[in-house]
Each structure stands twice: as structure tokens, then as C-alpha cells.
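Start counting the sequence shown at 199; every next residue gets the next number (the numbering used here).
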Amino acid sequence: MTIRRFLCLALGAGFLASCDLLDQDSGPKVAGTRLDIRHSARIDLPFVQADQTLQLAVPKEIPNWYQVGQNTKHVTGHIAFGGDWIKAWSVDIGEGISDGFALLAPPVASRDALYVMDAAAQVSRFDFNGRKIWSRSLVPPNEEIHGLSGGGLALTDTALIVTTMFGDVWALDLEGGDEFWRVNIGVPVTGNPMVNENMLLVQGLNGQATALSVNNGETLWVDLGIPSSPTFDRVGTSAMADNVIVYPGIGGEVVGLKPNDGGRLWVDFPVFQRTDSVLESAPTLSASPVIWRDFALVSARNGSFFSVDVTTGKRIWSLPFGLRDTPAVTDDVAFGIDNDQNLRAISLTDGKLFWSISLPEFENERKKEGVIAWFGPLIIDEKIMVFSSHGKMMEINPLSAVVEDEKDVVEAALAPIIVSNNAFLLSRDGKLVAYK
């Protein structure tokens, strides 16, 4: 049975409904007043001033970006960039965001080489000047790609690991893109793989976590999770420390797993709020967990943002709003964009807020038209930076919460990666754009 037939028989075609990651301008225009149905209610959260002073760590240059969140803990920290965000070059990577297609895999980079995957499972390598080195399609001969966007990328020292919605996990040679090995786990693979030394972890649409050997793709262990419907939204990637994996299940659970055998240490089920939105009613965790010191930060997009002890799973503090994207963490503060487009600065000590500001929700606020998706944030050059689907980048002062600058960039599909003083951003129309 093909993966497409599996999806249609098991889940039907309803998963193509409302998603802000798909083409917002397609189809006929309907007359009348347009209402924002993404949220059933606004979160009425009293502002609590944090007890301690907000501080940022010293910015550091990042030489590589191996996977989602740059590393297995997803702590990007305070990034040194030093550029003026001047567009250096732009190249076409293939299929962008449109009806039936979504860009869900951030680029990865190492040793002056960039690796990207378009919305149609085509993988390419570029150098830092935008020159294409190789490209190959990972669509099986008996499959059709339309409506099956998903999967992701990660790097080891010698291979590019690629997952696809066809259930395949590939290890490709970095130099020429040739196949080292390929395995199929039997169900669509959602989200980006997590890679650590000799092991990689992928998530199936049936909720199954599968650990594979980096060397040959051999199955090391499996954890059976809770299944979910297909999604065009991002799916969180597992985080890993020395003795624990924090696994964001596609069915809504968060699980602490032992890296050596997949044994369960703890399970948490975030509270999800009732909503009229098809997209936000799904229990999928779109923000990847972050491991910071001896605790993990977990967010349910339509629910809560909380801190847990990585060993026991005991909650330390919890806030009644979810984050859509992975928070940026440095020292004892996290910055994140919640479900109502509020950018919040949160003390990691006690979960209290340093500050909160609202980001624009619509290109035309009066008519409630043109929904804006914000990505990030990232902490770059002593500023908090967020990137939008309508081609704007905002720079916010982390101490005063004042928007200090706004720049025109491409219409972002995801947050950029910053490597060796270069910023690389994927656009909604399938371009890889470099900024200096």
C-alpha cells in the first residue's frame, strides 16, 4: 500500500483544511465581513513583573547549524551576526508554499555548505555563494508528492539525514548526494530528525518514535505514542541531553525517554484550550522542546508553556499560553511568540514575565485581511528578532521591549539560520536567500 493510500484510507482528505502555512491568496474571494477564527478567545493574563533583572549572555558566532534548533538541546543562545541584513543572493530551491505544499524543513549548514529541502521532497546542496552543488528528488517512483509535504533535515559529520512523508529515512553523502542507506518505517515521517552521535530519532504519523543507527539505519528501539491526523503545520523535534530525550509526541503528549533503550521516564499531557480553529484544535506540538540546565521548556501551541524537571517530569512552573515556535533561550530568560501574536520575555527561574508586546496580526488590520505568521524569535546582536510571512523583520530591544527597527526581507516560510556571520532565510515562494 502506498503512503498516499494509507493517508486517504485512514484519515480522509479533511486535513487539507485551513492552514496559514498554505497559499493565502488562492481561490475566489467571498464578499462580507471577515472574522479571525484562529482564536476562540483572547488570553487574559495579568502582567507580572519578574523579580530579577533581565540579562543576555555574550553573543557568540555559530560555525554550523546541524539540525532544528542548531543543536540537540535547541539552545541557540545569543548569536553574533554583525551584518546589516543586506541581501547578498537568492536561489530557487524548487517547490514553495502553495495549495497542497508546505515548507517545513529549515536549512542546515556545515563547512561552508548549505542543505535545503523544498516542499516536494527535493534536496539540494549549495555553497555559501549560492552555487548549486547537487540536487536530487526523494519521491519514490510509485508515489505522488502533491499534498504530502513534510519531513526534514539534520547533519552528521559525514552524512545528510533526510526524512520524508513517504516513510523514508535517508542518509546521503554530503559531497555528491549519493545514498549511504535508506530505511522505511512504514508510516509517514513527520517533522525533522534529531541526531546525536550514533543515533537519530524520527517521529511517525502514528505517534511512534523510532531510534535508528546513524551508521546503517538499523532500528535501535521504538516507542509507541498517540497517533494524529496529518498536518501542514510544523511538528516539534525532540531535544536531547546526556541522559534523557524530551519527545514531543504528535498526539499531544510529551515524553521523557532513555536514550539507550527508549524506556519511559515520565509522561506529561499539556492542557489544550477549546478553539474553533481547525489548525489550532490539533494537539500537535509545533514548538520544539528546549533543554536548559536540568529542566526542559515545553509548549503546546493551543495550551500552555511550562518547565519540567528533565529527570522526573515534575512541573516547575506553568503559564496559560502556548508558543507556536521554539523559544529562544539565553542565561535565565526565554523569548517566545504565543498563539495570540504576543512576543513575551519570560524568566526561566519562576515563569514570571519581564515584558510582553503585541505583534501585527493582519496586513490590513481594519479589514482583518492578510493573516501574518511570525517566526522566531532569535537573539541576535543584542536584539530580539522576529520574521514574518509578509516580508518584514522586526528588531526589539530586549530590555525595554521597544521595537527599534523594521526591515524588508523576503516573505519568510520559517525563521532563518545564522552561520558564520551569514543569515539564510527560506521564502514562501521557494527561494533560499542570503543576507550579510
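For every residue, glycine included, the Cβ atom is placed at its ideal position computed from N, Cα and C. Owing to the predicted nature of the structure, the values given are computational and were not obtained by experimental measurement.
Own chain, CB closer than 8 Å to residue i, minus 5 neighbours either side, in chain order
i    : result
H588 : E561, G568, I570 and E609
R380 : D366, V367, W368, A369 and G415
V420 : Q406, A407, T408, A409 and G460
G628 : D290, I291, G292, E293, G294, I295, L301, D316 and A317
E377 : W368, A369, L370 and D371
Q265 : V306, L351, A352, L353, N390, P391, M392, V393 and T435
D492 : D507, V508 and T509
V465 : E451, V452, V453, G454 and G511
Own chain partners of residue i with C-beta closer than 7 Å, once the 5 adjacent residues on each side are dropped
i    : result
A255 : G275, H276, T528 and D529
V433 : T388, G389, Q401, I448, T482 and S484
A286 : A632, Y633 and K634
L418 : M397, A409, L410 and S411
G281 : N619, A621, Y633 and K634
N382 : G365 and D366
D310 : D325 and F326
Residue environment, residue i, which counts as buried when at least 16 other CB atoms sit within 10 Å
i    : result
Q539 : buried
N340 : exposed
P305 : buried
S545 : buried
K271 : buried
R626 : buried
T356 : exposed
S486 : buried
G374 : exposed
I284 : exposed
P596 : buried
Bridge partner(s) assigned by DSSP for residue i
i    : result
Q401 : T388 and A407
E451 : For E451, which the question treats as bridged, DSSP gives no partner whatsoever.
Y313 : V306 and R323
S486 : For S486, which the question treats as bridged, DSSP gives no partner whatsoever.
D538 : Beta-bridge pairing links D538 to no other residue.
I594 : I582 and V601
D366 : N382
E567 : N562
N620 : V617
P425 : DSSP lists no partner for P425.
D466 : V452
F493 : W490 and D507
V513 : Contrary to the premise, residue 513 reads as Arg rather than Val in this sequence. Beta-bridge pairing links R513 to V506.
Proximity test, Cβ basis, 8 Å: residue i and chain B
i    : result
A613 : Absent from the structure is chain B; it holds one protein chain and no more.
Proximity of residue i and residue j at Cβ, strictly below 8 Å
i    : j    : result
D579 : F326 : no
F324 : L630 : yes
V360 : L351 : yes
E604 : K590 : yes
V314 : W490 : no
A543 : L252 : yes
G348 : L302 : yes
I615 : P575 : no
L403 : P391 : no
V444 : A526 : no
P468 : V496 : yes
V147 : L624 : This structure leaves residue 147 out entirely; the chain is present only between 199 and 634.
W263 : V617 : yes
CA nearest to the CA of residue i, picked from the options
i    : options                   : result
V289 : H272, D316, D297 and R309 : D316
E259 : A632, N620 and P304       : N620
N413 : I424, S554 and M397       : M397
L557 : K550, D421 and L541       : L541
G501 : L399, R491 and S516       : S516
S333 : N537, G292, P305 and S586 : G292
D523 : I424, S545 and A498       : A498
A307 : L301, D282, G267 and K285 : G267
S586 : F552, P257, L612 and I514 : L612
E451 : A437, N441 and P425       : P425
Q250 : G384, M583, W553 and P525 : W553
T510 : L521, V488, R462 and G549 : R462
S598 : L551, S618 and F573       : L551
K330 : I343, V337, N262 and L312 : L312
N458 : N441, P468 and V584       : N441
I577 : F533, L358 and L623       : F533
W572 : L521, W263 and L358       : L521
G549 : E563, R564 and F519       : F519
Same chain, Cβ closer than 6 Å to residue i, neighbours up to 5 away in sequence not counted
i    : result
V601 : M592 and I594
S335 : Q320
K456 : none
N394 : T270 and M438
R513 : F504 and V506
S436 : M392, L399, I443 and Y445
T547 : D530
I555 : L541 and A599
V385 : G365, G402, L403 and N404
V337 : A319 and I343
G328 : W287 and V289
Distance cut-off 7 Å: residue i Cβ against heavy atoms of the ligand FAD
i    : result
V584 : The ligand FAD is absent from the structure shown, which contains no ligand whatsoever.
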